Amino acid sequence: MHHNGLLSRLQGALVVDIPASISSDDLMELSATVLQRLEFDDVAGVVINLQQLRVTETALLQTLDKMLSMIQIMGVPAAVAGMQAGLITALVHLDINTDRLCFAKAVPRAIQMLKSA
Amino acid sequence: MSQSKQEAQDAHNAQMQIIADLFNKDTDIILKLWMKQQAAAGSLRSDLISEEEMRQMSFDTLAGINIAVSAGNMDDIEAEAFDAVKTNLKKVSERYAMLDFSPSETATFIFSLKEAVMDALQQQYENDTDALFSGLMLTNKLVDSLGLYTFECFAEAQKALLAEQMSTMSAMSTPVMQIWKDILMIPIVGTVDSARSQEIMDAMLEGLERTDSEIILLDIQGVASIDSAVANHLLKITKAVTMMGCHCIVSGVTSHVAQAMANLGLELGGVNSAPTLRKGLRMALASLKEINAQNVDV
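Heads up: the protein sequence lines correspond to chains U and R, in order.
Quick note, the first sequence lines up with residues 8 to 124 if you use the working numbering.
Quick note, the second sequence lines up with residues 96 to 393 if you use the working numbering.
Structure (structure tokens):
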């Protein structure tokens with residue numbers, strides 16, 4: 008899977024667009040790419056854009072959770088943007104710890120939240 | 096076919112003919128007797144349904160039976176000949192269920208036909224005991240089968256009505272209202288268990304998505320009691336709203352509720368709360384002003 012089109016830099020933050028349909032393995036690969044970028048790039052934070060994501064499989068959500076944890080372990084603030092109702096319900100049921108995360112309706116607001124955090 | 100079998104078949108056909116003739120020629124008499132039986136059994140509920148409508152339903156049922164019996168079938172109500180009468184009985188059952196007739200009143204509708212047909216048979220075959228007996232036996236069997244079918248339809252109709260009422264009640268118990276531009280409100284009344292909390296969460300998320308609002312006020316003034324389970328449900332709901340990038344304010348956290356929660360060692364950690372809906376709305380408006388200012392910066 009090519010990740011080039013999924014990663015972009017906006018106002019100093021790394022924006023990761025998660026496609027509508029992605030497998031857990033592909034997401035794992037994508038998160039490895041994101042972590043590598045964080046090693047070399049100086050970014051204000053990472054915004055995971057879930058606006059398009061419609062898949063709510065447990066394995067995928069757990070990978071997503073792991074991805075967010077790894078970003079935070081690296082000391083980079085993370086924000087999640089554009090979550091849909093179905094995805095939220097699934098995440099709440101999984102009881103994923105979201106205490107250290109910022110949530111926003113859209114990417115610009117998420118970037119602003121990261122900067123003011 | 097052996098001779099004895101042939102004789103039995105001939106006898107059965109003769110009995111069928113008696114009933115077919117009766118339904119065909121004496122429909123008016125049977126209808127009159129049937130209405131009388133229904134009145135005597137107390138199932139003509141004029142407070143729920145007009146006599147005219149009852150008469151029409153009874154007439155349609157008789158017409159349906161007439162079709163089946165004329166086709167030479169009185170044994171198997173699954174046969175195509177019974178489609179008309181079954182359709183009509185289904186309609187009657189649904190109407191009775193909707194009008195809140197009791198199960199026994201519904202059963203009486205069809206079972207009282209038995210006595211009406213018996214009376215008609217007696218009038219016609221007073222001196223022919225064989226014909227009378229055969230007619231009674233066939234009528235008994237037929238009406239019993241139709242009675243069971245009617246009752247099944249009635250039970251199904253009641254079940255469907257109940258499901259519909261439950262869905263209406265559920266929608267009414269979680270009404271999401273837009274009280275201001277970008278501000279929604281959901282008043283919670285009664286008990287909050289895990290099924291209800293799921294409904295509330297779904298309604299809130301759906302409302303926020305649909306209206307693209309920023310803030311939702313969750314008014315818990317009407318919640319019967321707050322214990323650790325209810326507090327956890329509320330926390331989950333507010334967490335879900337936050338995940339959508341929106342703000343949740345829990346209003347109606349009265350002194351009584353605060354005391355109860357403190358005594359139980361419960362906290363609404365990180366959740367914006369207000370003692371009254373008025374204060375909650377004021378808080379929401381202040382937050383909205385802040386959000387709008389930040390959005391201008393973005």
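Just so you know, even glycine gets a beta-carbon here, dropped at the ideal spot from N, CA and C.
Here the structure is a predicted model, which is why all the values come from computation and not from measurement.
- Residue range 367–369 is occupied by the beta strand (DSSP E) that includes R/ASN367.
- Taking the Cα positions, R/TYR191 is about 25 Å away from R/ALA174.
- Per DSSP, reduced to three states, the secondary structure at U/ASP24 is strand.
- In chain order, ILE321 place their CB closer than 6 Å to the CB of R/VAL352, counting only its own chain and leaving out the 5 sequence neighbours on each side.
- Residues of chain R with a Cβ closer than 8 Å to the Cβ of U/ARG116 are, in chain order, GLY340, GLN389, ASN390 and VAL393.
- The secondary-structure analysis by DSSP pairs R/PRO282 across a beta bridge with R/ASP314.
- In this model, U/ASP32 and U/VAL41 are separated by some 14 Å (Cα to Cα).
- Taking 7 Å as the cut-off, the Cβ atoms of R/THR245 and R/ILE205 count as close.
- Counting the other Cβ atoms within 10 Å of the Cβ of R/PRO282 gives 16 or more, which makes it buried.
- Between R/THR156 and R/ASN119, the gap from beta carbon to beta carbon reaches 7 Å or more.
- The beta carbon of U/ALA85 sits no closer than 7 Å to any beta carbon of chain R.
- Within chain U, the residues ALA92 and THR96 have their CB atoms less than 9 Å from the CB of R/ASP297, given in chain order.
- Taking one beta carbon from each stretch, the stretch 213–230 of chain R and the stretch 110–118 of chain R have 3 or more pairs nearer than 8 Å; the two touch.
- R/SER207 has no beta-bridge partner at all, per DSSP.
- R/GLN104 is classed as exposed because its beta carbon has fewer than 16 other beta carbons within 10 Å across all chains shown.
- Contact of R/THR337 with chain U by beta-carbon distance below 8 Å involves THR105 and PHE110.
- Residues of chain U with a Cβ closer than 8 Å to the Cβ of R/LEU300 are, in chain order, ALA92, ILE95 and THR96.
- Among the CB atoms of chain U, none fall inside 7 Å of the CB of R/LYS276.
- Under a 10 Å Cβ-count criterion, U/ASP24 is classified as buried, with 16 or more other Cβ atoms of the shown protein chains found around its own Cβ.
- Under the three-state reduction of DSSP, U/LEU17 is assigned to strand.
- Following the DSSP letters along the chain, one finds R/GLN354 in no beta strand (DSSP E) but inside the alpha helix (DSSP H) bounded by residues 350–358.
- Between the beta-carbon of U/MET77 and that of U/SER38 there is about 7 Å, and that keeps the pair under the 8 Å contact cut.
- Residue pairing for U/ILE55: DSSP places it in a beta bridge opposite U/VAL23 and U/VAL87.
- Straight-line spacing of the CA atoms in R/GLU210 and R/TRP129 works out to 8 Å.
- Here R/LEU257 is exposed, its C-beta having fewer than 16 other C-beta atoms within 10 Å.
- Between the alpha carbons of U/GLN91 and R/PHE249 lies a distance of about 42 Å.
- Minimum Cα-Cα distance from U/GLN58 among the listed residues U/GLY52, U/ALA88 and U/GLN119 corresponds to U/ALA88.
- Of all residues in the stretch 122–155 of chain R, none is placed with a Cβ closer than 9 Å to any Cβ belonging to chain U.
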